[in-house]
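Below is one structure, written out as structure tokens, with a few remarks after it.
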Amino acid sequence: MVRVAVLDEDRCKPKRCGRVCYRFCPPVRSKIEAIRFENDRPLVVEPLCVGCGICVRKCPFKALSIVNLPDELEEEC
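The sequence shown begins at 765 in the numbering used here and counts up by one.
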């Protein structure tokens, strides 16, 4: 089962939170760019995200959630 962080762009306020999703991301701290910024917005790089949920817990605006990809795809069928 693949778990990945998903961003709600409407809730995200990167200039007000200090980019905590990026700062606390274990892969990023290990020099793996699982979160990068484009146009001042975080972008989760799905193949590199480990789905740990730390970014979800750290985000003060609740802009991130963890999705189980196979479960989500099965529900749509």
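Built from N, CA and C at the ideal position, the CB exists for glycine as well. Only a predicted model underlies this, so the values are computations on that prediction, with no experimental measurement involved.
To the nearest angstrom, how far is the alpha carbon of residue i from that of residue j?
i	j	result
Pro778	Asn803	11 Å
Arg805	Ile799	10 Å
Ile830	Phe801	19 Å
Arg787	Glu797	11 Å
When the Cα of residue i is compared with those of the options, which residue comes out closest?
i	options	result
Arg783	Cys819, Asn832, Val831 and Pro834	Cys819
Per DSSP, what kind of secondary structure is residue i in: helix, strand or coil?
i	result
Pro806	strand
Ile796	coil
Val814	coil
Phe801	strand
Val820	helix
Arg787	helix
Arg775	coil
How about residue i and residue j: do their beta carbons lie closer than 9 Å?
i	j	result
Cys823	Cys781	yes
Arg775	Lys826	yes
Val814	Pro790	yes
Leu828	Cys785	yes
Does the pairing of the segment 807-819 with the segment 767-781 give three or more beta-carbon distances under 8 Å?
As far as the Cβ criterion goes, the segment 807-819 touches the segment 767-781, which means the pair count is three or higher.
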